[in-house]
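Chemist:
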Amino acid sequence: MPVIELHLIEGYDIDTKARLGRGLTDAVRAVLPADPEAVTVLTHEVSAAGYMRGGQNRSPAPALPDPVKTVRDFLRAMEARDLDRAAGFLSEGFEMTFPGGVRMTRLDELIAWSKPRYARIAKTYTGFDTAMTEGGPVVICRGTLAGAWPGGTAFEGIRFVDRFELRAGKLWRQEVWNDMGEARLGEAQS
């Protein structure tokens, strides 16, 4: 039964502490064969007056946003074509890669690229997975696409996977895989 002790400066909200506890539990389970209920996380809080580093009292750094929430909010803004809001989730140097190795850095490029591919599109999610890497969190979402081809014919059930890398709470890289090419080929042959 692993026991983890976490020491924090006072000031983090309950949701942040819960995210830390879940993250530490998941980290232990990635290495040890422990059920979640067998992992104990103890959080100890210290007042700012009782915490020093480098000979100076410190305040807690603000928590980063939940990476899954960031991805969900970005995808909602994109689906609503609220490009200004969506752009607020992107870091400097953002890059996205779509099927066929198409690379873009701006959301308006994506809109222009997608126009001849479909008239409208929506995602239904079957899951979100998060992993921590040396560069920051990675969020993978998967599910199906539904919408209409440029001619107006409806489509649905097209599989997709999106992989997002985040840095400092912002989206830095997006990679997209889906079966849209195969579905378009089937549409053209019918």
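In my numbering, each number is its position in the sequence shown, counted from 1, plus 29. Glycine included, C-beta positions come from ideal geometry on N, C-alpha and C. Keep in mind it's a predicted model, so treat the numbers as computed, not measured.
1) Counting Cβ pairs closer than 8 Å, one from the segment 131-151 and one from the segment 169-178, do we hit at least three?
2) Is Phe193 closer than 9 Å to Val168 when the C-beta atoms are compared?
3) Given Ile33, which residues of its chain have a CB within under 6 Å of its CB, disregarding the five upstream and five downstream residues?
4) Assuming contact is defined by CB atoms lying nearer than 9 Å, are Val118 and Asp95 in contact in what I supplied?
5) Take Met30 as the anchor and find which of Thr162, Phe127 and Val68 has the nearest alpha-carbon.
6) How many Å lie between Thr162 and Pro89 at the Cα?
7) By the three-class DSSP mapping on this structure, what secondary structure does Pro166 have?
8) Entirely within the segment 56-125 and at least 4 residues each: give me those alpha helix (DSSP H) ranges in chain order.
9) Mind checking Pro166: buried by the 16 CB within 10 Å criterion, or exposed?
10) In the DSSP output, which residue or residues are listed as bridge partners for Ala183?
11) For Asn207, is the classification buried or exposed, using 16 other Cβ atoms within 10 angstroms of its Cβ as the cut-off for buried?
12) Helix, strand or coil for Glu13 per DSSP?
13) Using a Cβ-Cβ cutoff of less than 7 Å, which residues in the same chain neighbour Gly210 once the five nearest sequence positions on both sides are dropped?
14) Classify Val100: buried if its beta carbon has 16 or more other beta carbons within 10 angstroms, exposed otherwise.
15) Within its chain, find whatever has a CB closer than 7 Å to the CB of Leu136; leave out the 5 residues flanking it on each side and keep chain order.
16) Between which two residues does the beta strand (DSSP E) holding Met133 run?
17) Within a Cβ cutoff of 7 Å, which residues of the same chain sit near Ala92, ignoring the five residues on either side of it in sequence?
Modeler: Checking against the coordinates, here is how it stands:
1) yes
2) yes
3) Within the same chain, and ignoring the five residues on either side of Ile33 in sequence, the residues whose Cβ sits closer than 6 Å to its Cβ are Leu53 and Val70.
4) Note that residue 118 is Phe in the sequence shown, not Val. Taking a C-beta distance under 9 Å as the contact criterion, Phe118 and Asp95 do not qualify as a contact pair.
5) Met30 has its Cα closest to that of Val68, out of Thr162, Phe127 and Val68.
6) 23 Å
7) Strand at Pro166.
8) 96-108 and 112-116
9) Buried.
10) Ala177
11) buried
12) Residue 13 lies beyond the range of the chain shown here (30 to 219); nothing can be said about it.
13) Correct list, in chain order: Pro128.
14) Buried: at least 16 other Cβ atoms inside 10 Å.
15) Cβ within range, chain order: Leu112, Ala115 and Ala116.
16) Val131 to Met133 is the span of the beta strand (DSSP E), which, as asked, contains Met133.
17) Tyr41 and Thr45
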